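Student:
Residue numbers (UniProt numbering): 1 to 475.
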């Protein structure tokens, strides 16, 4: 029975890679590889638990996560290595049945390394999830940018959760040639580099201490399923970053291992609660209520902010203003909310205030320049983006937009200069190169214009009809 649920109901490319309520495919894979060793341990007690192992493995294949499958392989070696070392060949029959099933399923459904997804013709989404530039190439440049952040702030880093602001400043120019050149990266797609970039060597060493102590506890407990699952988390974190469900297991596994390894539990008779215990309980309840209330204010503010963004995009400015004012009621000093109000009103002063509250947010400066442009203050818009470019020197979009503003004030020479800077940073930037070609036409530098337009047709988009039209006119 068709209830109308098709792949069009999701933004994600669910035909290519499965995801879940836990998040996108790589996050789902991270959860699966953490839990699979536990199903192995239980399958040795009862064969029925093998069905969970098989189900999880098939789902892992469907995520298309190479880091997940790599983690699975390493977990396989560690877990069964410990089991056979401790129990000799006691579980060899169950081992053969279970892993023969894995082998059959692997070849039936193929794997992320042999790309069964080529059977599907449509693919969309970020390349770090699917499509576009090969994800390994993108990760290489993102990791290099993260390491550049660490080298510039080695002791304390740039601060927790600041990677979205620091990466554009230090990203390598080669990243501009990838399909995700203008994406906002709030994580380094490597948990270890995240700690280095955000918290410096002090935070990174603290993280390593926690990992080392946890591995010691897990080894001592001899609960190899938790040890193996924990190693799986570390591997997937190396190629990605830890989200809430994975972080929960990161801290739960050692606790579960310690508790489950205790054979003798001493039961103590419960004592009647005294007045101090009740005072403590009531105090905890009130503190919890207060903290939940404060968190709910952030949540409500964010809901109204997103409604305001939708109204702004649809051109319903009065409703956008109404929603963003509700957000500011809950969080009056949030730069993003103030900026959204500035956008809905075209208010320069509000946009300036937003920039002053979050001076390293490049998007707020772009928004300010856009509002200047809406008010026909093009020189101020140019100056704003020039100032922003000092912080993000490898961002071609800023130089392209500066060139556009110079065209608005009919300064063709400066427009050509900034369009040229843009294509130097990103040679395959079609919009900037096309604008440069048209600017050269207006400057009567037809040979240069021809070179730029030919470049588009030869190396970027051979089928671009508009480029062909202008090229034909000057030849």
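Each residue gets a CB set at the ideal place from its N, CA and C atoms; glycine is no exception.
Quick caveat: nothing in here was measured; it's all calculated off a predicted structure.
#1: Taking C-beta to C-beta, are residue 26 and residue 63 nearer than 9 Å?
#2: Taking the straight line between their C-alpha atoms, what separation do you get for residue 120 and residue 134?
#3: Taking residue 473 as the reference, which of 454, 462, 460 has the closest Cα?
#4: Distance, Cα to Cα, residue 368 vs residue 444?
#5: Check each candidate in 316, 172, 310, 283 and name the one with the smallest Cα separation from residue 425.
#6: Using CA coordinates, which residue listed in 190, 174, 415, 449 is at the minimum distance from residue 146?
#7: Can you tell me whether DSSP reads residue 64 as helix, strand or coil?
#8: For residue 46, count neighbouring C-beta atoms within 10 Å of its own C-beta (all shown protein chains included) and say buried if the count is 16 or more, exposed if not.
#9: Going by the CB atoms, is the gap between residue 104 and residue 75 shorter than 9 Å?
#10: With DSSP as the reference, label residue 242 as helix, strand or coil.
#11: Hey, could you find the ends of the alpha helix (DSSP H) residue 178 is sitting in?
#12: DSSP on residue 23, reduced to helix/strand/coil?
#13: In chain order, what residues of the same chain lie with their CB nearer than 6 Å to the CB of residue 20, ignoring the 5 residues before and after it?
#14: Have a look at 69, 456, 255, 95 and flag the residue whose alpha-carbon is nearest the alpha-carbon of residue 106.
#15: In whole angstroms, what separates the C-alpha of residue 366 from that of residue 187?
#16: Report the residue from 160, 224, 32 whose alpha carbon sits nearest the alpha carbon of residue 86.
#17: Given a cut-off of 9 Å, decide if residue 78 and residue 231 are closer than it, judged by their beta-carbon atoms.
#18: Given that a residue counts as buried once 16 or more other Cβ atoms are within 10 Å of its Cβ, and exposed if not, what is residue 289?
#19: Please confirm whether residue 297 and residue 337 have their CB atoms less than 9 Å apart.
#20: Excluding sequence positions up to five away, which residues of its chain have a Cβ less than 7 Å from the Cβ of residue 42?
#21: Assign residue 151 to buried or exposed, taking buried as 16 or more other Cβ atoms, counted over all protein chains shown, within 10 Å of its Cβ.
#22: Beta-carbon within less than 6 Å of residue 328's beta-carbon, same chain only, minus the 5 sequence neighbours each way: which residues are those?
#23: Could you tell me the distance, in whole angstroms, from the CA atom of residue 479 to the CA atom of residue 281?
#24: By DSSP, does residue 232 sit in helix, in strand, or in coil?
#25: Taking the continuous alpha helix (DSSP H) assigned at residue 193, which residues delimit it?
#26: Kindly indicate which residue of 393, 410, 388, 360 has the alpha-carbon position closest to the one of residue 378.
#27: Tell me which residues share the same chain as residue 420 and place their Cβ nearer than 8 Å to its Cβ, disregarding the 5 neighbours each side in the sequence.
#28: Taking 7 Å as the limit between beta carbons, can you name the residues of its chain near residue 355, skipping five residues before and five after?
#29: For residue 299, count the other beta carbons within 10 Å of its own beta carbon; 16 or more makes it buried, fewer makes it exposed. Which is it?
#30: My guess is that residue 399 and residue 389 are in contact by the Cβ rule of under 8 Å, so how many angstroms apart are they, rounded?
#31: Quick check: the Cα distance between residue 154 and residue 362, rounded to an integer number of angstroms?
#32: Where do the N-terminal and C-terminal ends of the alpha helix (DSSP H) with residue 312 fall, by residue?
Tutor: Walking through what the data contain:
#1: yes
#2: Confidence at residue 120 is low in this model, with a pLDDT of 39, below 50, so the placement of that residue is unreliable and no value is reported for it.
#3: 454
#4: 33 Å
#5: 172
#6: 190
#7: coil
#8: exposed
#9: no
#10: coil
#11: Neither: residue 178 is in no alpha helix (DSSP H) and is coded neither H nor E.
#12: strand
#13: 28
#14: 69
#15: 22 Å
#16: 224
#17: yes
#18: exposed
#19: no
#20: 49
#21: exposed
#22: 337
#23: Nothing about residue 479 can be reported from this structure: the residues present for the chain run from 1 to 475 only.
#24: helix
#25: 191-221
#26: 410
#27: 436
#28: 364, 365, 368
#29: exposed
#30: 7 Å
#31: 23 Å
#32: 275-314
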